[in-house]
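Below you'll find the structure, written out as structure tokens, and then a few comments.
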Amino acid sequence: MIVWSSHLSYADGSCASKGDIVFLLDESGSIGSSNFERIKSFVSTIVGQFSVGNDTNQFSVVNFESSAREIFPLNRYQTVSSIQSAISIISFSSGGTSIGSALNYARMYSFTTTRGARLDGAKIAVLITDGQSSLSDEPERLKAMGVTIFCVGVGTGVNSAVLRSVATHNDYTYLTTFDVLNLIAEELSNRTCADDINDCLGEPCLNGGTCEDQFGKYVCHCQGGNTDPNCYLPDVGNYRCQATNTAGIGQSEQMIYLDLRQGYPNVVTTGSYAVNASSNVTLTCNFTSSYPPVQLMQWYKYDSDITTGLTGKYIWGTLQNPSLTITDFQPDDQGIYKCSASNSHGTRNSSDIVVYLDGGFFYLPQLIPCKT
Numbered sequence: 293m294i295v296w297s298s299h300l301s302y303a304d305g306s307c308a309s310k311g312d313i314v315f316l317l318d319e320s321g322s323i324g325s326s327n328f329e330r331i332k333s334f335v336s337t338i339v340g341q342f343s344v345g346n347d348t349n350q351f352s353v354v355n356f357e358s359s360a361r362e363i364f365p366l367n368r369y370q371t372v373s374s375i376q377s378a379i380s381i382i383s384f385s386s387g388g389t390s391i392g393s394a395l396n397y398a399r400m401y402s403f404t405t406t407r408g409a410r411l412d413g414a415k416i417a418v419l420i421t422d423g424q425s426s427l428s429d430e431p432e433r434l435k436a437m438g439v440t441i442f443c444v445g446v447g448t449g450v451n452s453a454v455l456r457s458v459a460t461h462n463d464y465t466y467l468t469t470f471d472v473l474n475l476i477a478e479e480l481s482n483r484t485c486a487d488d489i490n491d492c493l494g495e496p497c498l499n500g501g502t503c504e505d506q507f508g509k510y511v512c513h514c515q516g517g518n519t520d521p522n523c524y525l526p527d528v529g530n531y532r533c534q535a536t537n538t539a540g541i542g543q544s545e546q547m548i549y550l551d552l553r554q555g556y557p558n559v560v561t562t563g564s565y566a567v568n569a570s571s572n573v574t575l576t577c578n579f580t581s582s583y584p585p586v587q588l589m590q591w592y593k594y595d596s597d598i599t600t601g602l603t604g605k606y607i608w609g610t611l612q613n614p615s616l617t618i619t620d621f622q623p624d625d626q627g628i629y630k631c632s633a634s635n636s637h638g639t640r641n642s643s644d645i646v647v648y649l650d651g652g653f654f655y656l657p658q659l660i661p662c663k664t
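Residue numbers (this note's numbering): 293 to 664.
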């Protein structure tokens, strides 16, 4: 069923991921009742582009000025039309602007199971404000719960630096005016769809750690046994010598940068493979690097790059699964293969891997020195 209203509505929204989305709406006196109606229309437009239900998206609205008040929790409404109807009748209050109060309310109440939050749902907060206020440590505490925060600053009184500190990433901050607020509705809808959120944006994994984007969070895969969540190495950095006597304190003019000793990757493979015709074969390639980590790997046949292409002949995966699969093995696939691994220190190749048809004849090419 399509519900017609003063705003654009998509009854069968395209985002069917599982997200718990809480809108934090500024209703301070500087907003004014007419602009607050524009905010409501903007939120309704966004809601219309999502599927809503127990197994897809849920929405909540919290208004705030000097304090926060919940309009409805995540588990109150299970259809797009009912959410849009509830938004349309929200009344406008007035007061100061306390973004910290809104973030605190979201953390303490909105994203709890008693208010409808699901353990397997992505947690997303969308803050819409025209002002600035003190925050304390509320943004960090909300993010620590696994909540992704988007910020929309409207008007000329917005402190963009404050909003960027609230948002999970700089790219999740929007600055606009009330006249053109609805123009960013489609982009914000796409960005807040849980399946499309890139939790690795901003490269949170340090010291060459690789970032794995998971549902509503990221996981860093660190090198060398580092177990820090962001691969932080406390001993890496700049050092300065300092001396103190009764006259005062003196420091060295230059600093010394301390880093871990760097080394080449170590690459290990199996020597040869005898393969049945028309079958598939997987060539293994294992590599290790204590520091810096491996950043790139490549397969070769007779020193020419192998690409996966569109034919499906070659299949090879990621740094975590670098093996090469040759499908439908034929005589032309016989040859000498090798893999390489690269880090910021350099590149190392494996020894030759001889691959040939089982029961057939395959002669290794020999290099004959030229006579002068």
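Heads up, the beta-carbon is just placed ideally off N, CA and C, and yes, glycines get one too.
**phenylalanine 315 - DSSP class collapsed to helix/strand/coil** = strand
For isoleucine 391, count neighbouring C-beta atoms within 10 Å of its own C-beta (all shown protein chains included) and say buried if the count is 16 or more, exposed if not. Counting Cβ neighbours within 10 Å, isoleucine 391 comes out buried, since at least 16 surround it.
How many angstroms separate the CA atom of asparagine 578 from the CA atom of leucine 525? 25 Å
Query - C-alpha gap between glycine 320 and serine 309, whole angstroms - result: Strictly speaking, residue 320 in this sequence is serine, with glycine absent from that position. Answer to the nearest angstrom: the Cα atoms are 32 Å apart.
### Query
Using the C-alpha atoms, what's the distance from glycine 345 back to aspartate 644?
56 Å
Buried or exposed: arginine 553, going by 16 or more other Cβ atoms within 10 Å of its Cβ?
exposed
For isoleucine 441, which residues does DSSP report across the bridge? Ala417
Taking only three categories from DSSP, how would you classify lysine 509? Of the three classes helix, strand and coil, the one that applies to lysine 509 here is strand, per DSSP.
Q.
Does glycine 449 come out as helix, strand or coil in the three-state DSSP assignment?
A. Note: glycine 449 maps to coil in three-state DSSP.
Counting pairs of beta carbons, one from the segment 349 to 363 and one from the segment 394 to 410, are three or more of them closer than 8 Å? yes
Original post:
Which stretch, first to last residue, makes up the beta strand (DSSP E) that contains glycine 604?
Top reply: Neither: glycine 604 is in no beta strand (DSSP E) and is coded neither H nor E.
| message | Going by C-alpha to C-alpha distance, which of Thr502, Asn537, Gly413, Glu545 sits closest to proline 521? | response | The option with the nearest alpha carbon to proline 521 is Thr502.
### Rounded separation between arginine 368 and glycine 408 - CA only
8 Å
Can you check which of these residues, Thr465, Ser325, Gly438, Asn349, is closest to phenylalanine 384 by C-alpha distance?
Ser325
- prompt: Nearest to serine 393 by CA position, among Asp318, Thr460, Thr576, is which residue?
  reply: Shortest Cα-Cα distance from serine 393 to any of Asp318, Thr460, Thr576 involves Asp318.
Quiz prompt | Buried/exposed call for asparagine 355, threshold 16 Cβ in 10 Å | solution = buried
Beta-carbon within less than 8 Å of asparagine 462's beta-carbon, same chain only, minus the 5 sequence neighbours each way: which residues are those? Arg456, Gly494
Item to complete: Determine the direct distance from the alpha carbon of valine 458 to that of glutamate 432, and round the result to whole angstroms.
Response: Spanning the alpha carbons of glutamate 432 and valine 458 requires a straight line of approximately 8 Å.
Notebook entry, point to check: According to DSSP, is asparagine 635 helix, strand or coil?
Noted result: strand
* Within 10 angstroms of its Cβ, does glycine 604 collect 16 or more other Cβ (buried), or is it exposed? -> exposed
Grab the span of the beta strand (DSSP E) containing threonine 468 for me, first residue to last. 465 to 468
Report task. State the Cα-Cα distance for the pair glutamine 506 and isoleucine 375, rounded to the nearest angstrom. Result -> Straight-line Cα distance between these residues: approximately 28 Å.
Next on the checklist: Contact between the segment 623 to 642 and the segment 537 to 550 is defined here as three or more beta-carbon pairs at a separation below 8 Å; is this criterion met?
Outcome noted: no
Exercise for review: State the start and end residues of the unbroken alpha helix (DSSP H) segment that holds isoleucine 435.
Suggested key: First, the amino acid is wrong: residue 435 is lysine here, not isoleucine. 430 to 436 is the extent of the alpha helix (DSSP H) around lysine 435.
Got a sec, what are the start and stop residues for the alpha helix (DSSP H) glutamate 479 sits in? 477 to 484
Next on the checklist: Once the 5 residues before and after cysteine 492 are set aside, which same chain residues still bring their CB inside 6 Å of it?
Outcome noted: Cys503, Asp505, Tyr510
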